[in-house]
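Under the working numbering, residues 20 to 323 are what the sequence shown spells out, in order.
From the three backbone atoms N, C-alpha and C, an ideal C-beta is built for every residue, glycine too.
All values reported here derive from a predicted model rather than from experimental measurement.
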Amino acid sequence: MSTPLINKFVVVGIGLIGGSLAKGLKQRGACAEVIGIARKAETCTEAVNYGIVDRGYTSLQEIAHELGAGDIIFIAVPTLSVNSVFEEIKQFISADVTITDGASVKGSVQLAAEAVFGTVPPQLVLGHPIAGSEKSGVTAANPNLYEHHRVILTPLETTNHTHVELITYMWQAVGAEVLFMSVEEHDEVLGATSHLPHVIAYSLVDTLARDINNPNIFRYAAGGFRDFTRIASSDPVMWHDIMRANKSAILKSMDLFIDNLARLRTGIEQGDSNYLLDVFSRAKEARDEFTLMLAKRQAPPKED
Numbered sequence: 020m021s022t023p024l025i026n027k028f029v030v031v032g033i034g035l036i037g038g039s040l041a042k043g044l045k046q047r048g049a050c051a052e053v054i055g056i057a058r059k060a061e062t063c064t065e066a067v068n069y070g071i072v073d074r075g076y077t078s079l080q081e082i083a084h085e086l087g088a089g090d091i092i093f094i095a096v097p098t099l100s101v102n103s104v105f106e107e108i109k110q111f112i113s114a115d116v117t118i119t120d121g122a123s124v125k126g127s128v129q130l131a132a133e134a135v136f137g138t139v140p141p142q143l144v145l146g147h148p149i150a151g152s153e154k155s156g157v158t159a160a161n162p163n164l165y166e167h168h169r170v171i172l173t174p175l176e177t178t179n180h181t182h183v184e185l186i187t188y189m190w191q192a193v194g195a196e197v198l199f200m201s202v203e204e205h206d207e208v209l210g211a212t213s214h215l216p217h218v219i220a221y222s223l224v225d226t227l228a229r230d231i232n233n234p235n236i237f238r239y240a241a242g243g244f245r246d247f248t249r250i251a252s253s254d255p256v257m258w259h260d261i262m263r264a265n266k267s268a269i270l271k272s273m274d275l276f277i278d279n280l281a282r283l284r285t286g287i288e289q290g291d292s293n294y295l296l297d298v299f300s301r302a303k304e305a306r307d308e309f310t311l312m313l314a315k316r317q318a319p320p321k322e323d
């Protein structure tokens, strides 16, 4: 058996995102050892018992002396908690260690790195896996979460290429497709395609939940409501952080949506049949095209 390219894989935050990557690498033999870092010792014990990590600790300081070239630290904590992890890395971790993250907003991570280190370290590869679930916590870890999904890396001009290559290998090892974007483009695109849908889902469920005059409103909700609002079950702390960190892009997308929704309201109010059919037909066509693209992306490669 060949020696894996990744020696020690250290995951800071053993929830859905971090735990799934850790378990995926471990099961595929893509790293020599998986080490978990969590605030609570019970979480570490649970992660070991579930086979997600080989060892668990409550701080990076405890294992800092073990880490060097070929090792990876993956930061999988809520967006606004990344800063405190950087503080610990600055104090204890060698410059040879490859560092990356899975935060949904790259601009805020870049700013946090600049605030702590003075500039973004060459060893830090900013990244974001475009995969997830409404589930959270250690028990949500899924070793196949990233298969046939995309991961966006947003390295800077100063990022060391050797570290970028190692992180690219890491994601490909768990079946992901790696793409590259600028930090700015990433945050604008994800603000529209991921963050805005969560805003809408949370808002819709909250609006209906506040309708105290209609206690049966959820009792008779069917599949459409369930499918559309599934993501409102996502971790509130994580999404609170995302909304604050990517405020500008999210507000821009919200303004466009609110403007379109207002026009749709007018169309309904005025009984504008042509307008309504145009909107619904255009939306259906776009959604069908997206479904087709997704099916092609997730289809297994044909054998020669």
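Q) Can you list the beta strand (DSSP E) stretches of 3 or more residues lying completely in the segment 182-247, in chain order? A) Along the segment 182-247, the beta strand (DSSP E) occurs as fully enclosed runs of 3 or more residues at 196-199, listed in sequence order.
**Q.** Length at least 4, wholly inside the segment 80-152: the alpha helix (DSSP H) runs in chain order
**A.** Every alpha helix (DSSP H) stretch that sits fully inside the segment 80-152 and reaches 4 residues is listed by chain position as 101-111 and 125-136.
Q: For Val53, I'd like the list of residues in its chain whose CB is within less than 6 angstroms of its CB, leaving aside the five on either flank, ordered along the chain.
A: Counting from 1 along the sequence shown, the entry for residue 53 is found at position 34. Excluding residues within five positions, the ones whose Cβ falls inside 6 angstroms are Phe28, Ala41, Lys45, Val72 and Asp73.
Q | Rounded C-alpha distance that separates Phe105 from Glu304 | A | Within the sequence shown, numbered from 1, the residue matching residue 105 stands at position 86. Within the sequence shown, numbered from 1, the residue matching residue 304 stands at position 285. Each residue's CA atom was taken as its position, placing Phe105 and Glu304 some 45 angstroms apart.
Q. What are the residues that DSSP puts in a beta bridge with Phe28?
A. Here residue 28 refers to the residue found at position 9 when the sequence shown is read from its first residue. For Phe28, DSSP records a beta bridge to Val53 and Ile91.
Q | Per-residue burial, Lys125 [other beta carbons within 10 Å of its own, 16 or more giving buried] | A | In the sequence shown, counting from the first residue as 1, residue 125 sits at position 106. With 16 or more other Cβ atoms within 10 Å, it is buried.
Q. What is the rounded straight-line gap between the Cα of Asn265 and the Cα of Ser152?
A. Looking up residue 265 in the sequence shown gives position 246. Looking up residue 152 in the sequence shown gives position 133. Each residue's Cα considered, the two are about 20 angstroms apart.
Q.
Measuring alpha carbon to alpha carbon, tell me which residue in Ala195, Ala268, Asn68 and Leu280 is nearest Glu207.
A. Counting from 1 along the sequence shown, the entry for residue 207 is found at position 188. When C-alpha distances from Glu207 are compared across Ala195, Ala268, Asn68 and Leu280, the shortest belongs to Ala268.
Q | Beta-carbon contacts of Arg47 that lie in its chain and below 7 angstroms, excluding the five residues immediately before and after | A | As a position in the sequence shown, residue 47 is number 28, starting the count at 1. Answer for Arg47: Ala192 and Val193, listed in chain order.
Q. To which residues does DSSP link Val170 through a beta bridge?
A. Looking up residue 170 in the sequence shown gives position 151. Assignment of beta-bridge partners to Val170 by DSSP yields Pro148 and Val197.
Q. Do Asp90 and Asn163 have their CB atoms nearer than 8 angstroms?
A. For this step, residue 90 is matched to residue 71 along the sequence shown. For this step, residue 163 is matched to residue 144 along the sequence shown. Contact flag unset, no.
Q.
Below 7 angstroms, is the gap between the Cβ of Ala134 and the nearest heavy atom of the ligand NAD?
A. This structure simply doesn't include the ligand NAD, nor any ligand for that matter.
Q) Between the C-alpha atoms of Asn279 and Thr226, what's the straight-line distance to the nearest angstrom? A) On the sequence shown, position 260 is the one that residue 279 refers to. On the sequence shown, position 207 is the one that residue 226 refers to. Near 19 angstroms, if we compare the C-alpha coordinates of Thr226 and Asn279.
Q) What is the DSSP secondary structure of Arg47, reduced to helix, strand or coil? A) Numbered from 1 along the sequence shown, position 28 holds the residue referred to as residue 47. Residue state, collapsed to three classes: helix.
Q: Would you tell me roughly how many angstroms separate the C-alpha atoms of Pro148 and His168, rounded to the nearest one?
A: Your numbering for residue 148 matches position 129 in the sequence shown. Your numbering for residue 168 matches position 149 in the sequence shown. Computed Cα separation, rounded: 8 angstroms.
Q | One or two residues paired with Gly75 in a DSSP bridge | A | What you label residue 75 is simply residue 56 of the sequence shown in a count that begins at 1. Note: Gly75 is bridge-paired with Gly55 in the DSSP secondary-structure output.
Q. Around the C-beta of Phe93, are 16 or more other C-beta atoms found within 10 angstroms, so that it is buried, or is it exposed?
A. As a working mapping, residue 93 is identified with position 74 in the sequence shown. In summary, Phe93 is buried, with 16 or more beta-carbon neighbours lying within 10 Å of its beta-carbon over all protein chains present.
**Q.** Spatial neighbours of Ser201 in its chain, beta-carbon cut-off 8 angstroms, leaving aside the 5 residues before and after
**A.** For the purposes of this step, residue 201 is taken as the residue at position 182 of the sequence shown. Closer than 8 angstroms at Cβ, skipping near neighbours: Thr173.
Q) With Gly34 and Gly156 assumed to form a contact (beta carbons below 8 angstroms), what rounded beta-carbon distance in angstroms separates them? A) The count along the sequence shown starts at 1 and reaches residue 34 at position 15. The count along the sequence shown starts at 1 and reaches residue 156 at position 137. A Cβ-Cβ distance of about 6 angstroms is found for the pair Gly34 and Gly156, placing them in contact under the 8 angstroms criterion.
**Q.** Beta-carbon contacts of Leu99 that lie in its chain and below 7 angstroms, excluding the five residues immediately before and after
**A.** In the sequence shown, residue 99 corresponds to position 80, counting from 1. Apart from sequence neighbours up to five positions away, the residues of its chain that approach Leu99 with a beta-carbon distance below 7 angstroms are Asp260, Arg263 and Ala264, ordered along the chain.
Q) What are the boundary residues of the alpha helix (DSSP H) that Asn279 is part of? A) If you number the sequence shown from 1, residue 279 lands on position 260. Element bounds for Asn279: Lys266 to Glu288.
Q: Figure out for me which residue from Thr158, Ile118 and Ala49 has the closest Cα to the Cα of Thr62.
A: Numbered from its first residue, the sequence shown carries residue 62 at position 43. The residue with the shortest Cα to Cα distance from Thr62 is Thr158.
**Q.** Three-state secondary structure assigned by DSSP to Leu313
**A.** Numbered from 1 along the sequence shown, position 294 holds the residue referred to as residue 313. Of the three classes helix, strand and coil, the one that applies to Leu313 here is helix, per DSSP.
Q) Going by the CB atoms, is the gap between Val170 and Ala131 shorter than 8 angstroms? A) Within the sequence shown, numbered from 1, the residue matching residue 131 stands at position 112. Within the sequence shown, numbered from 1, the residue matching residue 170 stands at position 151. Against a cut-off of 8 angstroms, the Cβ pair of Val170 and Ala131 comes out as no contact.
(Q) Nearest by alpha-carbon distance to Gln80: which of Glu203, Ala150, Ser113 and Val67 is it? (A) Sequence index remark: in the sequence shown, residue 80 carries index 61 (1-based). For the residues Glu203, Ala150, Ser113 and Val67, the minimum Cα distance to Gln80 belongs to Ser113.
Q. Could you give the distance in angstroms between the alpha-carbon of Asp323 and the alpha-carbon of Ala195?
A. Looking up residue 323 in the sequence shown gives position 304. Looking up residue 195 in the sequence shown gives position 176. Unreliable placement is indicated for Asp323, whose pLDDT of 45 sits below 50; no coordinate value is reported for it.
Q. Under a three-way DSSP split, which group does Thr178 fall into?
A. To locate residue 178, count along the sequence shown from 1; it is residue 159. DSSP places Thr178 in coil when its eight states are reduced to three.
Q: Please report the Cβ distance between His214 and Thr117, rounded to the nearest whole angstrom; I am assuming they are in contact, meaning their Cβ atoms lie under 8 angstroms.
A: Residue mapping note: residue 214 aligns to position 195 of the sequence shown, counting from 1. Residue mapping note: residue 117 aligns to position 98 of the sequence shown, counting from 1. With a beta-carbon spacing of about 28 angstroms, His214 and Thr117 fall beyond the 8 angstroms limit used to define contacts.
Q.
Quick check on His205: buried or exposed, where buried means 16 or more other Cβ atoms within 10 Å of its Cβ?
A. One-based indexing of the sequence shown puts residue 205 at position 186. Classification for His205: buried.
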